[in-house]
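Trainee:
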Amino acid sequence: MRSLDGKVKKEKENGFARYAWTPHLFCVLICKLPADPFLYKASTHFGWLFFCSPQHVKSEPEDNFYYSPKYEKVITFLPCLPHSVRVSLWEEERYTDGVKWKFLEHKGPVFAPPYEPLPSHVKFYYDGKPMKLSLEAEEVATFFAKMLDHEYTTKDIFRKNFFKDWRKEMTAEEKSKITDLTKCDFTEMSEYFKAQSEARKAMTKEDKQKIKEENERTLQQYGFCIMDNHRERIANFRIEPPGLFRGRGDHPKMGMLKRRIRPEDIIVNCSKDSKHPEPPPGTRWKEVRHDNKVTWLVSWTENIQGSIKYIMLNPSSRIKGEKDWQKYETARRLKKCVDHIRNQYREDWKSKEMRIRQRAVALYFIDKLALRAGNEKEEGETADTVGCCSLRVEHISLYPEKDGQEYVVEFDFLGKDSIRYYNKVPVEKRVFKNLQLFMENKELDDDLFDRLNTSILNKHLQELMDGLTAKVFRTYNASITLQQQLKELTNVEENIPAKILSYNRANRAVAILCNHQRAPPKTFEKSMQNLQSKIDAKRDQLADAKRELKSAKADAKVRKDEKSKKAVETKKKAVQRVEEQLMKLEVQATDREENKQIALGTSKLNYLDPRISVAWCKKWGIPVEKIYNKTQREKFAWAIDMADQDFEF
DNA sequence: ACAGTGACTTAGCATTAGTGTT
DNA sequence: AACACTAATGCTAAGTCACTGT
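The first sequence lines up with residues 408 to 1056 when you count with the numbering used here.
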C-alpha cells in the first residue's frame, strides 16, 4: 500500500468535526459513521478507507476493524482532532480482471418470520359453512385474504392462478371439498388482519420503541458485511416473504404463490478465510461458494419466473459507488463522440442495407426519445411490454401531416413496468420514409425492426465507442439535459426557494424525457387544498402586516420620535418576512402541481450525474441537503466529495 | 446466429418514519 | 398526546447486457 500525505481542513457538521482532504488526485472526507457515532470513515473517489486517531492513522488499516475492541479508546479522541493535522492515507488496492473483492464476511440473510396460525375464532367459510384448514392451506388463504380489498383479487387470471396454486397446498380432503373459489369466504380473516394492523398503529410508544430497538439490533447484526477493509451496509438482507405474486400490468402469472424460501434454497457467497454464516439450527445451506468475481452475498432461485434473486450491497458501498461513477464517466465519453455517432446514423438512414437502416432509425429513437433498448421477451411469461428494438407495427402511427407539423410519428406502447409511452414527434423526412418502408406488408403484431435486436445494436455501438450500449444514451441525454436546463433556468437574482424550483424544473424536464411517470398520489387533491388554504391564510396575514405598517408610518409622521420610527422598521421587516413566506408557499404549490404525474426520484437516483447537482449547489450557494436527502447524500458521497462548482459533465 | 442464464441496474408503489399541528 | 400529512425508505418486479455453449 502506498501512503499519501495531505492536509486536513476542518469543517463543522452536526456538531461533529468533518475533515476534508483535497489533494490533487484524491479527495478525502472523513465523516461520522451512522452505525457508530464514535468511529469515523474516510472516503476517496477510489474507495473507502478507515482510520481512527492521529496515532493510528499512520499504521496499516486492519481487517475487521469494527470488531476490534482495542479501538474503544478512539471514542473520546476523534471528535477533537486538532486543526490541520497531517495524516497518512492509503490508496486502495484496485482489482483487475473481474475480481471484485479479496475478503468478504457476513452473517447471511434474515429469513421471513414463520407462519403464525390464525386464532381459532377467526374462521374461513366454504359455501357458507365454517371450515378448519390445514396449516399449509390456511397460510396461503391468508395471503389472499390480505389482498381482498385490492382490485386484482377480482381479476380472472389472478383468481385462476391463485386457486390453482392454493389447491396444491391443500390436503386431499380439502382438495376434494374446495372446488370453487367463489364459494370461499375470506372476509373474517381479512377483518382480523385489518384489526391487527389497527392495533399495531395504536401501540404504545414504549412498545413501538421496543420494536424499533429490535430492528436496530437486527440491522447491526445482519445489515452489514465486511468487504475488504470496510464495513459496508447491505441493501436487502431480509429474504422476501412468501405471498401471492403480483406482477405489473397485465401479467399472466399474477396470483401465483410465491414460495417461502428456506435455508436449503440459499447459496451463500463469502471468502474462504472469513467466518462463514451459520444456517439456522437444524438446517443447511444449499451451497457455500467463494466467488470473488461477483458482488452478491446471498442468492436463491425464485419460483415464479425461475430467476435468481440476490442480496447485494447498499448504494453507499464502495462497490456500487465506483460502478455508478464509472457509468457517468462512460456517458461523458459519449458526449465527446456523440456528434460523430449522430452523423453516422444519419448517413446510415440512406444505406442500401435494410438492417443498417433499421439499426440507424432505432438508434435515432434511442438517442432522441431516450427509449430503452427493448430486449425480446418470452411470450406468456411476462406482461406484454416493449422497448425500442421490440417495437411492433401496432405501436406507431405515421402522419405525413398532423397539427401543422410534417412527418409526425405517434408512439403508443407499454414500456417497462407497463407504463404507457405516448408521444407525438415530428421526425426527419428520411426517418419517416424509412418507417413507411419498414411497415410495408406487415401485420400489426409484426416487429417494426425485423432485422434488428438489442444484441446487434449493442455490438454496433461497442464498435463506435468502448463501453457504449443503448442505455448509455439515456444516461447521457438525461445528464446533459439537466446541465443545460440548469444553465437556462437558474436566475441569479432569485432566492433559494426559487432556485430550487428551477432545479426541480430541470429535473422534471429529464423525468419527462425518460417517461418517469407516477400515479397521482391518492392524497394529491387534499394536500393541494391544504397548501392553498395555507397560502390564503398567509395572504391575509400579509394584508394585516401591511395595514399595520401603514398605520405605524402614519403614526411616525405625526409623532416624529425615535420610538415610532423604530416601530416602522419593525413592521417593515415583518412585512418582508411574511412576503418571503408567502412566496415560498406559492413556489411549493407550483412545484407540487407540476409534479402531479411525474416521478423525479428515478432520474435523480439513476440518470443524473450527481456532480452536476453538487456543482450547481456550490455555484449558487444552495445547501446540498436541499437537493439530496440523507440516503441520497450517502449514495452520492463520492460526487459530493469530488465535484467543485466548475464541474462540467 | 441464437437461446438460455446470470449479474446487475432501474422502476414505481406500499409502507413506515418523521415532523408539524391541534 | 393524538393526529394528519409529508418525506423517506423498503420492497421486489422488470429491465439491460454480457457471456456461454451449441
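We put the CB at the ideal spot given by N, CA and C, even for glycine. Note that the structure is predicted; figures quoted are calculated from it, not measured.
1. Using the C-alpha atoms, what's the distance from ALA913 back to GLU1001?
2. Please state the DSSP three-state secondary structure of GLU1041.
3. Are HIS683 and VAL701 closer than 9 Å when you measure CB to CB?
4. With C-beta atoms as the reference, is PRO670 less than 9 Å away from PRO686?
5. Compute the beta-carbon to beta-carbon distance between LEU871 and ARG766, rounded to the nearest angstrom, for a pair I have assumed lies under 8 Å.
6. Out of SER583, VAL815, ALA1046 and TYR910, which one is the CA nearest neighbour of LEU1007?
7. Less than 9 Å between the beta carbons of LYS809 and VAL800, yes or no?
8. In this structure, does DSSP put HIS557 in helix, strand or coil?
9. Between LEU704, ILE674, HIS697 and SER681, which lies nearest to ARG691 when the distance is taken from Cα to Cα?
10. Return the Cβ separation of THR882 and ASN865 in integer angstroms, given the expectation that the two are a contact with Cβ distance under 8 Å.
11. Can you list, in chain order, the residues of its chain whose CB lies under 8 Å from that of PHE593, leaving out five sequence neighbours each side?
12. How is the beta strand (DSSP E) around ARG696 delimited, first residue to last?
13. Under 8 Å Cβ to Cβ from ASP1051, same chain only, skipping five residues before and after it: list those, please.
14. Might you give, ordered along the chain, the residues of its own chain that have their beta carbon closer than 6 Å to the beta carbon of GLN892, omitting 5 neighbours on each side?
15. Which term fits LEU851, buried or exposed, when burial requires 16 or more other beta carbons within 10 angstroms of its beta carbon?
16. Between LEU992, SER541 and LYS957, which lies nearest to GLU976 when the distance is taken from Cα to Cα?
17. Which same chain residues end up closer than 7 Å to ILE1047 when comparing Cβ atoms and leaving out the 5 residues on each side of it in sequence?
18. Verify whether the separation of the beta carbon atoms of TYR806 and PHE818 is less than 9 Å.
19. For LYS665, which beta-bridge partners are listed by DSSP?
20. Would you give the residue range spanned by the beta strand (DSSP E) that PRO807 belongs to?
21. By DSSP, does GLU900 sit in helix, in strand, or in coil?
22. Would you report the Cα separation of HIS867 and LYS727, rounded to the nearest angstrom?
23. Within a Cβ cutoff of 7 Å, which residues of the same chain sit near ASP698, ignoring the five residues on either side of it in sequence?
24. Between the alpha carbons of SER971 and LYS894, how many angstroms are there, rounded?
25. Where do the N-terminal and C-terminal ends of the alpha helix (DSSP H) with VAL745 fall, by residue?
26. Rounded C-beta distance between GLN890 and ILE748? I'm assuming under 8 Å.
27. Can you name the residues that DSSP bridges to PRO854?
28. At what residues does the beta strand (DSSP E) containing VAL793 begin and finish?
29. Buried or exposed for ARG607, going by 16 or more other Cβ atoms inside 10 Å?
30. With three or more C-beta pairs closer than 8 Å as the rule, is the stretch 982-996 touching the stretch 938-956?
31. Given this structure, state the Cα-to-Cα distance separating THR1038 from SER886, to the nearest angstrom.
32. So what does ARG966 bridge to, in DSSP terms?
33. Does the structure place the stretch 509-517 close enough to the stretch 634-643 that three or more beta carbon pairs sit under 8 Å?
34. By how many angstroms is the C-alpha of TRP1027 removed from the C-alpha of GLU900?
35. What is the rounded straight-line gap between the Cα of GLN628 and the Cα of ALA918?
36. Out of ASP657, GLY630 and GLY662, which has the shortest C-alpha to C-alpha gap to VAL517?
Mentor: By the coordinates alone:
1. 12 Å
2. helix
3. no
4. yes
5. The Cβ separation is near 11 Å, so there is no contact.
6. TYR910
7. no
8. coil
9. ILE674
10. With a Cβ gap of about 15 Å, THR882 and ASN865 do not count as contacting.
11. PHE531, ALA548, PHE551, ALA552 and LEU555
12. 694-696
13. ALA1022 and LYS1025
14. ALA913 and ALA916
15. exposed
16. LYS957
17. VAL1021, VAL1031 and ARG1040
18. no
19. GLY650
20. 803-809
21. coil
22. 27 Å
23. ASN676
24. 46 Å
25. 725-755
26. Not confirmed; about 19 Å, so no contact.
27. Reading off the sequence shown, one finds Asp at residue 854, where the question assumed Pro. DSSP lists ARG799 as partners of ASP854.
28. VAL793 -> no beta strand (DSSP E), and no H or E assigned at all.
29. exposed
30. yes
31. 20 Å
32. According to DSSP, which records beta bridges pairwise, ARG966 is partnered with nothing at all.
33. yes
34. 11 Å
35. 38 Å
36. GLY630
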